[in-house]
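Colleague:
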Amino acid sequence: MKQLITLIAAGFLVTAALAQQPGQPPTSLAPTPLPGLHYTNEFFPGTTYRDSVPTPQSLLGFAIGDRAASAAEIERCLKAWAAAAPDRTRLVEYARTYENRPLHYLIVTVPAQMARLAEIEAGLARLGDPRKCPEKEAEDLIARLPAVAWLAYTIHGDETEGSDAALAVLYHLIAADDPGVEKLLTDVVVIVDPLMNPDGRDRFIKMIAENRGAMPNIDDQSLLHRGYWPRGRGNHYLFDLNRDLIYGVHPETRGRLREIARWNPQLFVDAHGMGAHDSHLFSPPREPINPNIPPGRKSWGQVFARDQAAAFDRHRLFYYTGEWHEEWYPGYTDGWASYRGAIGILYEQARVAEDGVRRAEGRILSYRESLHHHVIGSFANLATLQQNAKALRQYFYDTRKVALDPKGPYADRTFAILPTGNRSRLRDLASLLLLEGIELHQAARDFTVPSAIDQLGRETKDRKIPAGTILIANRQPLGNLVATMLEFDPRLSTTALEEERKELLSKGESRIYDTTAWNLTMMFGLEALTLPVALPSAAEPYRPTSAPAPLLTGGTNAPIAYVIDGADDRAPAAAARLLERGLQVRVAEKPFRFDERTFARGSVVVALLDNRSFTGDLRDAVVTGAKELELSAVAIGSGLGPGDLPDLGGRHFKRLEPPRIALLTRGAVNPGDYGAIWFVLDHHLGVRHSHVDDGGGMDLGRYNVMIIPDGRPGSLSSNLVANLKDWVKSGGTLIGIADASEPFVAEKAQFSKVRLLPDVFGKLADYELAVLREWLGRTVALPSPEAIWSHRATPTLQYPWQAVDGEHPEEKELKKRDAWQRLFMPQGALVASRVDTNHWLTFGCDEPLPVLVGHDPILMAAEGVEAPIRYGYLTATNRPANPTNRTEASTVSKPAGADDSARSDNVKKEGDKKDKKEPPRVGWSALPPGTEMHLRMSGLLWPEATHRLANGAYVTRESFGRGQIILFATPPTFRGAARGTMRVFLNAVVCGPGYGAAQPVRP
Ligand SMILES: [Zn+2]
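Residue numbers (our numbering): 57 to 1059.
#1: Measuring CA to CA, which of 140, 191, 254, 749 is closest to residue 218?
#2: Shorter than 7 Å, the distance from the beta carbon of residue 253 to the closest heavy atom of ligand 1, or not?
#3: Can you confirm whether the segment 361 to 368 touches the segment 569 to 589 when touching is taken to mean that 3 or more C-beta pairs between the two stretches lie within less than 8 Å?
#4: Which residues share a DSSP beta bridge with residue 326?
#5: Given 7 Å as the limit, tell me if residue 382 has its C-beta closer than that to any heavy atom belonging to ligand 1.
#6: Leaving out five residues before and five after residue 134 in sequence, what residues of the same chain have Cβ atoms less than 6 Å from its Cβ?
#7: Looking only at its own chain, which residues have a Cβ that is under 8 Å from the Cβ of residue 832, when we skip the five neighbours before and after it?
#8: Residue 396 and residue 534: beta carbons closer than 8 Å?
#9: Sorted by chain position, which residues of the same chain lie with C-beta nearer than 7 Å to residue 503's C-beta, five sequence neighbours on each side aside?
#10: Taking residue 1060 as the reference, give the member of 359, 391, 312 with the closest Cα.
#11: Tell me the rounded alpha-carbon separation between residue 971 and residue 752.
#12: For residue 251 and residue 265, I'd like the C-alpha separation in whole angstroms.
#13: In terms of residue numbering, what span does the alpha helix (DSSP H) encompassing residue 377 cover?
#14: Quick one: any contact between the segment 720 to 728 and the segment 608 to 616, if contact means 3 or more CB pairs under 8 Å?
#15: Determine the direct distance from the alpha carbon of residue 256 to that of residue 288, and round the result to whole angstroms.
#16: Please specify which runs of the beta strand (DSSP E), each continuous and at least 3 residues long, are wholly inside the segment 638 to 696, giving them in chain order.
#17: Is any heavy atom in ligand 1 found nearer than 7 Å to the beta carbon of residue 328?
#18: Given a cut-off of 8 Å, decide if residue 220 and residue 427 are closer than it, judged by their beta-carbon atoms.
#19: Does the beta-carbon of residue 1055 have 16 or more other beta-carbons within 10 angstroms, so that it is buried, or is it exposed?
#20: Under the DSSP definition of a beta bridge, which residues are partnered with residue 158?
#21: Is it buried or exposed, residue 407, if we count other Cβ atoms within 10 angstroms and call 16 or more buried?
#22: For the pair the segment 195 to 212 and the segment 114 to 121, tell me if three or more CB-CB distances fall below 8 Å.
#23: Within the present structure, is the beta-carbon of residue 382 separated from the nearest heavy atom of ligand 2 by less than 7 Å?
#24: Report the residue from 374, 291, 665 whose alpha carbon sits nearest the alpha carbon of residue 693.
#25: Where are the alpha helix (DSSP H) runs, 4 residues long or more, that stay fully inside the segment 405 to 465, in chain order?
#26: Comparing alpha-carbon positions, which option in 602, 580, 620, 810 lies nearest residue 609?
#27: May I have the straight-line CA-CA distance separating residue 911 from residue 881, to the nearest angstrom?
#28: Quick check: the Cα distance between residue 795 and residue 423, rounded to an integer number of angstroms?
#29: Going by DSSP, what residues sit across from residue 295 in a beta bridge?
#30: As a quick exercise: from 928, 669, 644, pick the residue whose alpha carbon is nearest that of residue 711.
#31: Exposed or buried, residue 1041, counting other C-beta atoms within 10 Å across all chains shown (16 or more means buried)?
#32: Could you give the uninterrupted runs of the alpha helix (DSSP H) lying entirely in the segment 727 to 808, keeping only those of 4 residues or more?
#33: In chain order, what residues of the same chain have a beta carbon less than 7 Å from the beta carbon of residue 296, not counting five sequence neighbours either side?
#34: Can you find a heavy atom of ligand 1 that lies under 7 Å from the Cβ of residue 212?
#35: In this structure, does DSSP put residue 595 in helix, strand or coil?
#36: Within 7 Å: the Cβ of residue 217 and any heavy atom of ligand 1?
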């Protein structure tokens, strides 16, 4: 009865709302007729429904497909149906979004199966680990368990039709009084996740409401259908959740990882929307397909596709498979389920936000029809699963068995993640792998393996593996997932490469939909090895390290300072949060040693002297700050460093200025990059910051750090650029990401000295010299002692450019080459970078640092600009120097001071006559003599792209007036998962106002 009253009340409100839209006069004009807008086909003709289950109309106040239901309306249906049919349903809230919306799945089956859900769950889990489930038992389980289907909808919030389709699917499954449905639910336990991204959906639903007029709208260019920045695709932080499955950054994903693993489905559907004028796509995908997807998925995908196509044919609908749908990147939801032994299927339906969309052929694709297509596909797939349930349970078991086969593809391979002082980064990777369901071990003691391959593909013999190394045997039930997440260098087939190159050359487009590299250890910037052995006997089960003590007294009763070690990525957060608490904080630019304890550069120092005017309890504040971040603060009794190591009172402990951060948003800012930075500031730094737009009238003086995320080039207003220039001049730290750098580096802006590659072809010699000088500065090779100490002037000098010889080609030729190379820029590849480990921006970083590079600008740094990280990791080579270099060049391995060269200008001239060949250059710069360059770590990086990227700056820093400009060539916080480069970003934000900008004294 109570329910009835609620329904009447809800119905009344809806009627009232329809009668009088906000802002509309009471006697509004009725819309003129729009033939074709109302799609009247019944979804399930002739079905009768049980009265005990409330209809969607009664719960929503409108029929499914009349408009897009909100997250709360969907939740209302789920709860009402779960309450009305407790013997056939179980509702599970599996996570909460950042905006505190619940995420649900609803299990639907017949009462008999519902009664044995626990048994089904346990049985499939057992089947999933053939080590515990011998053939005989497996045979029995395969025979008597039902199959499990997981249908998931609308992970992209503005692809609305999926969730409304889910309601139609659910109501039919729960309420249909139909023997066919009864039989289906006897054979298949159906799990429906109707809305994978409630925050995104509700953001978009609000946009629809804001843009709704009195008349229906069928123009897909209209804001009603498109929404506006940042649209509804991403979650609260605007992340694409359909890329997050391998990174597990967000609660939506983390909940799903846990629950999909719990139910071990045999079918996994992921329903999306695409361009309004497209038709309908479903799996299987075309090449490139990730080599770790179980091979059986291909043939099973075809079986499902045949049935799905037949269902669409019966309705005389268009559809297609393959085309743009490939499956190289493993972070998609349907793909992720496939690695686990399910048949993952993607749907992409021509999307309509509400109402309908007029297409070129004249017909209207209504909202209701659009969601009907998802319903048709869902039931076609359920029927295929039902018909092949036993075989698909067998396939699930066999997939796991192959992964465990001692003669199988994953035998004799173990991934090793080496110990590091960066505890929080290592801990986060380990906990992610555990969440993914992957078994971890650790080395109980040091041991030696006959051979090991590093992340650059180099093999070392008799490699010692230290105790504490995390070991991940590839041979385990989830071997396919282990391989795809941790394999350093999966390779595309020759056919896929040929197809890709053909497409790049003929159309200037890639056939690959997402990044071609994602290796977890590289993304995390952790050193790892591939060991060509099964799990070594030194392995013991992994135990997460417990949080360290927040205060180590270090034996002193009268501390002069507290130190938090800088090796850990949380050190910048500790500094920033202590500053926010009002403490004075310093950061060490060099490693140091106090009280016989060594600390890494980037360590945070809170000195008692600095904090004389701090009114609270300093010790408490430091301990609380350390504890919150699971770090240790060490009390130090003396500031004297042994020998030449820094002393506390010297210049190597820079005082930090509290960062007052502004982050630019809206306009042409890339929502994904903005969201990732926002997420990192909130969750990796944990400090207050402001989000500002380019609207004008802003007082920049409130901030000392301004972050401009990646965005459309040329989109910042000239007003903002001019204001930023003044603001930097007076002490601000400007951080620009990728294409956002463009207005700052243009010569006419007279701002940054950094340039983009195509703008400096006439001056490459200057940039080449900067590269050589940097390198010589790192690897100092002294002139001969005679030359240094001789009382007679040396008649000839050696210049770095002479060692590399030759001229750059003409500007015209360089432009032509660059345009050609640009065609081959990566879709996303991991590139090895060299790191200046004396620079404050690289605290916590080692080399080679993997950087994920896509179609990003190439930043050129010369005189007046620091480039602490450049693309191209250099190592000494034993190869003979190029024949155009007549004298043997110095090698990195030579001890400093060795007499390395007697070449003279005379010899050079001789050589010029003999040989006009170009010197050995990778792209625009010669290799420093005696070095070789490593660029590609993982993913597809064409040789042409390596030449464009080589020596380009990944990050630059330069002074401008009293402030500084820091530019990143590619987004350092990519997907919230690029932990290696994220550290550089955190250093820039937290240390920038202390390190590169003038320190204000407030009299
Ligand atoms: Zn989508």
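The beta-carbon is built from N, C-alpha and C at its ideal position, and this holds for glycine as well.
Modeller: Checking against the coordinates, here is how it stands:
#1: If we check each option's Cα against that of residue 218, 254 comes out closest.
#2: In this structure, the C-beta of residue 253 stays at least 7 Å away from each heavy atom of ligand 1.
#3: Too few Cβ pairs lie closer than 8 Å, so no.
#4: Residue 326 pairs with 208, 402.
#5: No, since every heavy atom of ligand 1 falls outside the 7 Å radius drawn around the Cβ of residue 382.
#6: Closer than 6 Å at the Cβ level, and outside the excluded window around residue 134, lie 147, 160, 162.
#7: Excluding sequence neighbours, residue 832 sits near 856, 984.
#8: In this structure, residue 534 lies closer than 8 Å to residue 396 by Cβ.
#9: Only 521, 592, 594 meet the Cβ criterion.
#10: In this structure the chain extends from 57 to 1059, so residue 1060 is not present and cannot be described.
#11: Residue confidence for residue 971 is low, a pLDDT of 49 falling below 50, so the modelled location carries little weight; the figure read from the coordinates is stated next. Rounded to whole angstroms, residue 971 to residue 752 spans 59 Å at the Cα level.
#12: Distance between residue 251 and residue 265, taken at the CA atoms: about 19 Å.
#13: Per DSSP, residue 377 belongs to no alpha helix (DSSP H) and is neither H nor E.
#14: Taking one beta carbon from each stretch, the segment 720 to 728 and the segment 608 to 616 have fewer than 3 pairs nearer than 8 Å; the two do not touch.
#15: Cα to Cα, residue 288 sits roughly 4 Å from residue 256.
#16: As for any beta strand (DSSP E) of minimum length 3 sitting wholly inside the segment 638 to 696, the runs are 642 to 644, 648 to 650, 653 to 655, 660 to 663, 689 to 692, ordered along the chain.
#17: Distances taken from the Cβ of residue 328 to the heavy atoms of ligand 1 include one shorter than 7 Å.
#18: Yes, they are a contact pair.
#19: By the neighbour-count definition (other C-beta atoms within 10 Å, threshold 16), residue 1055 is an exposed residue.
#20: Answer is 152, bridged to residue 158.
#21: Counting Cβ neighbours within 10 Å, residue 407 comes out buried, since at least 16 surround it.
#22: No, they do not touch.
#23: Looking for ligand 2 in the displayed structure turns up nothing; the ligands present are ligand 1.
#24: It is 665.
#25: For the alpha helix (DSSP H) assignment, the uninterrupted runs of no fewer than 4 residues enclosed by the segment 405 to 465 are, from N- to C-terminal side, 423 to 443, 445 to 460.
#26: The option with the nearest alpha carbon to residue 609 is 620.
#27: In a straight line, the C-alpha of residue 911 is about 6 Å away from that of residue 881.
#28: If I take the Cα positions, the gap works out to 37 Å.
#29: Per DSSP, residue 295 has no beta bridge partner at all.
#30: The candidate whose alpha carbon is nearest that of residue 711 is 644.
#31: Burial call: buried.
#32: Positions of the alpha helix (DSSP H) runs, each at least 4 residues long and wholly inside the segment 727 to 808, are given as 727 to 736, 774 to 785, 798 to 801 in order along the chain.
#33: Contacts found: 289, 290, 728.
#34: Yes, Cβ of residue 212 sits closer than 7 Å to a heavy atom of ligand 1.
#35: In the displayed model, residue 595 falls within a strand according to three-state DSSP.
#36: Result no, Cβ not under 7 Å from ligand 1.
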